[in-house]
Amino acid sequence: MSELKGNQFEGKGDYVKDVFSDIAPYYDRMNDVMSIGMIKRWHRFMFKKAGPIEGFEVLDVGTGTGEIAFMSARKVGPGGKVTGLDITPGMLAMAERKMGTLDLPREVEFVVGDALDLPYEDSSFDLVTSGYMLRNVTDIPLALSEMRRVLKPGHRAVLAELAKPKNRIALWGYNLYMGKVIPWLGRRRDKGKVIDGVMPAYDWLTSSIEGFPHGDDMVELLLEAGFSEARYHSRSLGAVNIYVAVK
Ligand SMILES: C[S@@+](CC[C@H](N)C(=O)[O-])C[C@H]1O[C@@H](n2cnc3c(N)ncnc32)[C@H](O)[C@@H]1O
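The sequence shown begins at 1015 in this note's numbering and counts up one residue at a time.
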């Protein structure tokens, strides 16, 4: 692999797409196992921070298998509209398949697209959400400024991202879990298959957090991207941050 700068390296865009194409069929199951069932709680917290959204037009960037978009669809109700955008068609295929089993007030529209060049006019959405995508993009500031651009003024972006606990004991447990348990769980699924000569899919999950800005550093990037307010809430002893930014 070429040199890591932050969590960026040459060829990352293609590598990330190939990783998610490979793991799409078992992505949801692994998320539940790895987050020890916490992921739905984090998503509920995101919507608590989004405030009332009935009737809203919502964009979920890096929607993957659509979990956050489906939660949004239930909350916006039949008068709202939710779009889930992702760069990996295989992840969206899983989202579409799952949607067929759900009873939603209105279907989510899934769109193949790039977070770095959102195919929408300025000020199109009442809420932008994104979960665990930013570590995967090749230009974090550009992704943030695209999210801000498509938001209506006065409206919010609510983002969930992995982080590292600050407390020393929590950090010890976290390092053990991310450094040993996750790679072991990952091996059971990805069989250690090295993708694009870079690394196995679930090694990327741990590696992508290294050098990835979180907490105050991410808040600074949100403000630099032009959001007028930004703050974060730590969950699960600091393993996940929910960022709320206002345009
Ligand atoms: C860790 S998954 C998160 C999926 C989903 N948000 C969730 O909560 O489970 C990251 C997703 O970001 C997508 N992604 C990565 N880079 C992207 C980009 N430049 N534009 C859009 N989606 C991207 C990947 O295809 C993948 O589906």
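Think of the CB as a built atom: it goes at the ideal place given N, C-alpha and C, for glycine as much as any other residue.
Check whether residue 1141 and residue 1070 have beta carbons under 7 Å apart
Here residue 1141 refers to the residue found at position 127 when the sequence shown is read from its first residue. Here residue 1070 refers to the residue found at position 56 when the sequence shown is read from its first residue. Yes.
Residue environment, residue 1271, which counts as buried when at least 16 other CB atoms sit within 10 Å:
The structure shown does not extend to residue 1271, since the chain spans only 1015 to 1261, so no value can be given for it.
What's the C-alpha gap between residue 1185 and residue 1065?
Residue 1185 sits at position 171 when you count from the first residue of the sequence shown. Residue 1065 sits at position 51 when you count from the first residue of the sequence shown. If you take the alpha carbons of residue 1185 and residue 1065, they lie about 31 Å apart.
N-terminal and C-terminal residue of the beta strand (DSSP E) that residue 1256 is part of
Position 242 of the sequence shown, counted from the first residue, corresponds to residue 1256. Where residue 1256 is concerned, the enclosing beta strand (DSSP E) stretches over 1254-1260.
Secondary structure at residue 1132, three-state DSSP: helix, strand or coil?
As a working note, residue 1132 is residue 118 in the sequence shown. Correct three-state label for residue 1132: coil.
Could you give the residue range of the beta strand (DSSP E) that holds residue 1143?
For the purposes of this step, residue 1143 is taken as residue 129 along the sequence shown, with counting starting at 1. From DSSP, the beta strand (DSSP E) with residue 1143 extends over 1139-1145.
Alpha carbon to alpha carbon, what distance is there between residue 1256 and residue 1025?
The sequence position of residue 1025 within the sequence shown is 11, counting from 1. The sequence position of residue 1256 within the sequence shown is 242, counting from 1. Taking the straight line joining both Cα atoms gives about 28 Å.
What residues in its chain sit with their C-beta under 7 Å from that of residue 1110, if we drop five residues either side in the sequence?
For the purposes of this step, residue 1110 is identified with residue 96 of the sequence shown, where counting begins at 1. Taken in chain order, the residues that qualify are 1124.
Is the region 1030-1046 close to the region 1077-1087, with three or more CB pairs under 8 Å?
yes
Express the C-alpha separation of residue 1057 and residue 1251 in angstroms, rounding to a whole number.
Taking the sequence shown and counting its residues from 1, one reaches residue 1251 at position 237. Taking the sequence shown and counting its residues from 1, one reaches residue 1057 at position 43. When rounded, the distance between both Cα atoms is 16 Å.
In three-state terms, what does DSSP make of residue 1195?
Taking the sequence shown and counting its residues from 1, one reaches residue 1195 at position 181. Helix.
Reference residue 1021, options 1244, 1226, 1102, closest by Cα:
Numbered from 1 along the sequence shown, position 7 holds the residue referred to as residue 1021. Residue 1226 is the option with its Cα nearest to residue 1021.
Got a sec: does ligand 1 put a non-hydrogen atom nearer than 6 Å to the Cβ of residue 1147?
Position 133 of the sequence shown holds residue 1147. For ligand 1, at least one heavy atom lies less than 6 Å from the Cβ of residue 1147.
Quick one: is residue 1046 buried, meaning 16 or more other Cβ sit within 10 Å of its Cβ, or exposed?
Within the sequence shown, numbered from 1, the residue matching residue 1046 stands at position 32. Burial call: exposed.
For ligand 1, is there any heavy atom lying closer than 6 Å to the beta carbon of residue 1123?
Position 109 of the sequence shown, counted from the first residue, corresponds to residue 1123. No, the beta carbon of residue 1123 sits no closer than 6 Å to any heavy atom of ligand 1.
Please state if the CB of residue 1033 and the CB of residue 1209 are separated by a distance shorter than 7 Å.
Counting from 1 along the sequence shown, the entry for residue 1209 is found at position 195. Counting from 1 along the sequence shown, the entry for residue 1033 is found at position 19. Going by C-beta atoms, residue 1209 is nearer than 7 Å to residue 1033.
Per the DSSP calculation, residue 1247 is bridged to which residue(s)?
For the purposes of this step, residue 1247 is taken as residue 233 along the sequence shown, with counting starting at 1. In the DSSP output, where bridge partners are listed per residue, residue 1247 has 1256.
What residues in its chain sit with their C-beta under 8 Å from that of residue 1178, if we drop five residues either side in the sequence?
Mapped onto the sequence shown, residue 1178 falls at position 164. Closer than 8 Å at Cβ, skipping near neighbours: 1185, 1188, 1223, 1228, 1252, 1253.
So what's residue 1032 in DSSP terms, helix, strand or just coil?
Here residue 1032 corresponds to residue number 18 of the sequence shown, with the count starting at 1. Residue 1032: helix per DSSP, three-state reduction.
Straight-line gap, residue 1164 to residue 1220 (C-alpha atoms, nearest Å):
As a working note, residue 1164 is residue 150 in the sequence shown. As a working note, residue 1220 is residue 206 in the sequence shown. Using only the alpha carbons, I get a separation of about 30 Å.
Continuous beta strand (DSSP E) stretch holding residue 1095: start and end:
Sequence index remark: in the sequence shown, residue 1095 carries index 81 (1-based). Segment 1095-1100, the beta strand (DSSP E) holding residue 1095.
If we ignore side chains and look at the alpha-carbon of each, how far apart do residue 1235 and residue 1098 end up?
The residue you call residue 1235 lines up with position 221 of the sequence shown. The residue you call residue 1098 lines up with position 84 of the sequence shown. In a straight line, the C-alpha of residue 1235 is about 23 Å away from that of residue 1098.
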